[in-house]
Amino acid sequence: MDKEFDVLKEVAKKLAGDTVVSKYVRCGHVACALLTSNGNVYTGVSINAKCGIGFCAEHSAIADMLKAGESKISKIVSSSESSVVVSCGRCLEFIRQLDEDNVNTKILLSTGETKTVGELLPVRWNIDEL
Ligand SMILES: [Zn+2]
-18 MDKEFDVLKE VAKKLAGDTV VSKYVRCGHV ACALLTSNGN VYTGVSINAK
32 CGIGFCAEHS AIADMLKAGE SKISKIVSSS ESSVVVSCGR CLEFIRQLDE
82 DNVNTKILLS TGETKTVGEL LPVRWNIDEL
C-alpha cells in the first residue's frame, strides 16, 4: 500500500464512529476519505436512517468534493473504526458517472490490495441505451 492510501485510511478511520443523531438517525458507522486528481482530500460519513433513506460515506465525501468544483477521484478509502470497507455497487456507479476518468479511480480493499473502479464494476448501467 502506498503512502497516500496510508493517509486516506488513517483519515477515514479517525472520522469513523457510530453516533446517534436521533431516534431514527445514526451516522459515522463508515467514513470515507478521497483524493482528487488535483491532490485535495475530501471526507464524509455514512448516514443510516429509518426507511433506508440514508446514504453511504462515499456520497457525503463526493458532495464535499463537488462543492469545490472537482469530480476526478484518484484514490478513495472507506473505513469503519476497525476495518476498511469496500464501496458498494451503487457508489461504484456513482463514482463512474461523475467523470469518465474515474474508471481508473483506485479503491483500497480490506485485504490491503487496490483495485480500480473499472475492475470492480466492469459492466456499467446502460443509461445511454434507455
Ligand atoms: Zn455505497
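If you read the sequence shown in the numbering used here, its first letter stands for residue -18, the second for the next number, and so on. Built from N, CA and C at the ideal position, the CB exists for glycine as well. Everything numeric in this text was worked out from a predicted model, so none of it was measured.
Inset, instruction - Report the residue from A30, D80, D109 and L79 whose alpha carbon sits nearest the alpha carbon of T0. - result: If you compare the alpha carbons of A30, D80, D109 and L79 with that of T0, the shortest gap goes to A30.
Inset, instruction - Report the option in S61, N21, D80 and A38 whose CA atom is closest to the CA atom of S91. - result: Closest by C-alpha distance to S91, out of S61, N21, D80 and A38, is S61.
Inset, instruction - Tell me whether V104 is buried or exposed, calling it buried when 16 or more other Cβ atoms sit within 10 Å of its Cβ. - result: The residue is exposed, with fewer than 16 neighbouring Cβ atoms inside 10 Å.
Inset, instruction - Please report the residue range of the beta strand (DSSP E) in which A12 lies. - result: Segment V6 to T17, the beta strand (DSSP E) holding A12.
Inset, instruction - Taking V104 as part of the beta strand (DSSP E), name the residues at either end of that continuous run. - result: From DSSP, V104 is part of no beta strand (DSSP E); its letter is neither H nor E.
Legend entry - Neighbourhood of ligand 1 [Cβ distance below 6 Å to any heavy atom], ordered by chain position: Working through the chain, the matches are C37, E39, S68, C69, R71 and C72.
Legend entry - Inter-residue spacing [alpha-carbon to alpha-carbon] between L101 and T86: Going from the Cα of L101 to the Cα of T86 covers about 10 Å.
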